[in-house]
Amino acid sequence: MRAKLYSLSLSFLLLTLVSLQVRQAEAQVHTSTPGPPSNIARPDSIQFSGLYDYWTMMSGQGRAGGVLLGKLAMEGEPLPWQPLLISVDCNGSIVNSTQTDLQGRFVITFAETHGTPGTPSDAQRQMETKYEGCKVRGTVAGFRSSVATITVHNLRDEPNLGTITLSPEGREGGTEISTTTQAAPSNAMKAFEKARSDFLAQNNDGAEKNLKKAVQIYPGFAQAWLQLGELQKSSDSQAARDSFSKAMAADPKFILPYEQLAELARDAQDWKAVLDQTSKALDLDPTGTPQLWYEDALAKFQLGKTDEAKVSVEKGLAMDHQQPSAEQLLAVILARKADYAGAVQHLKNSLTYLPPGPQADMVKQQIAQLETKLPAAK
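Numbering (the numbering used here), first residue to last: 191 to 568.
Here you go:
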């Protein structure tokens, strides 16, 4: 029995290890409007799908009821290149989340609401019951967010929530956006913005050239070092590692370079190095990011710290529940603990966010295997 469980858990774990690697390919296959390449977009990210443009072109009545729209802006700073997290908070619990595109635009797609005793059977009314009065805000370390409150008018007639603004708060702890950008000289900033334009136009060579120009002019430009490392990651991991290290040296409180170095260590299966980077980042910002908690949990699991891994992965899912990889990792942990019902539920959760294809098929196979271990219904 224990040998079979180990084999099953190992199969699950291999699934979690490959899931991040296939996200970009899956996102591109299942979208109608191509967008700029990225190593950090997930399948539900609107960076690729063009969902914002699709919904804004529809009539108000056609759009209402299915999604909410909005934009995220930053006070006194340019938007970063990475998608930013948007959370829907209902009575203190995160019940939905999404990411911005590189223009700061976001679409919140309502998760399916299942009928429960005391809730209206009409799907529209179910949605209103669940989301009316909930708060929508940006979740970015080092910044406080204005809040948009979801009203019945938003749910029925006008889905556009307007603009949510992030403002810098005390930067004593870690931050997802480096403070060095504010000190960049104009010519370095010009090269940085030109690199961003090249990136959006899918001209990665031009973007890399201009990022190198920006850091040559201003070696302390942590955000530019980070983006340069992102571009280098797929073709030259050592160059990427050097760029992320320089970003960290330029701004030790900038947590994203730690996250990126953790990902590179994960790819090399150097679990102690992963844990070293995630621990440093979480010391700076104990709230963390969903990706940091996932990397932290995976490293702890691989190092035999199963209970600690469970705590970490649950913290990441509490911040952003739309993480197939985290759901799958939690399923691995629960299966190891012989909680097969819990493992099945988290695998089913992951299917909610996976597009049809080989990965979803594999998850379904794992669900079928685990369901054979569940007690027969009476």
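Each residue gets a CB set at the ideal place from its N, CA and C atoms; glycine is no exception.
On a predicted model such as this, the values are computed, not experimentally measured, just so you know.
- With contacts defined by Cβ atoms closer than 8 angstroms, A525 and L482 do not form a contacting pair.
- If the five residues before and after L544 are omitted, its C-beta is found closer than 7 angstroms to the C-beta atoms of P233, P514, A550 and V553, all from its own chain and listed in chain order.
- The shortest CA-to-CA distance from Q422 to any of K443, D441, Q406 and L454 is the one to L454.
- Under DSSP, R295 takes part in a beta bridge, and its partners are K261.
- Per the coordinates, the alpha-carbon of V297 lies some 10 angstroms from the alpha-carbon of P349.
- Burial state of D441 is buried, judged by a 10 Å Cβ sphere holding 16 or more other Cβ atoms.
- Remark: C-beta atoms of I523 and A499 approach each other more closely than 8 angstroms.
- Between the alpha carbons of R346 and T319 lies a gap of roughly 12 angstroms.
- A Cβ-Cβ contact shorter than 8 angstroms links A331 with D475.
- Of the candidates K402, K380, P273 and L465, the residue whose Cα lies closest to the Cα of A429 is K402.
- R334 is bridged by DSSP to S357.
- Counting the other Cβ atoms within 10 Å of the Cβ of G266 gives fewer than 16, which makes it exposed.
- Spatial neighbours of K384 in its own chain (CB-CB distance under 7 angstroms, excluding positions within 5 residues in sequence) are listed in chain order as N400.
- Straight through space, the alpha carbons of Q512 and A373 are spaced by roughly 35 angstroms.
- For I407, the enclosing alpha helix (DSSP H) stretches over residues N394 to I407.
- Here the segment 405-422 lies against the segment 435-451, with 3 or more beta-carbon pairs under 8 angstroms apart.
- With a contact defined as Cβ atoms closer than 8 angstroms, P375 and I407 qualify at about 7 angstroms.
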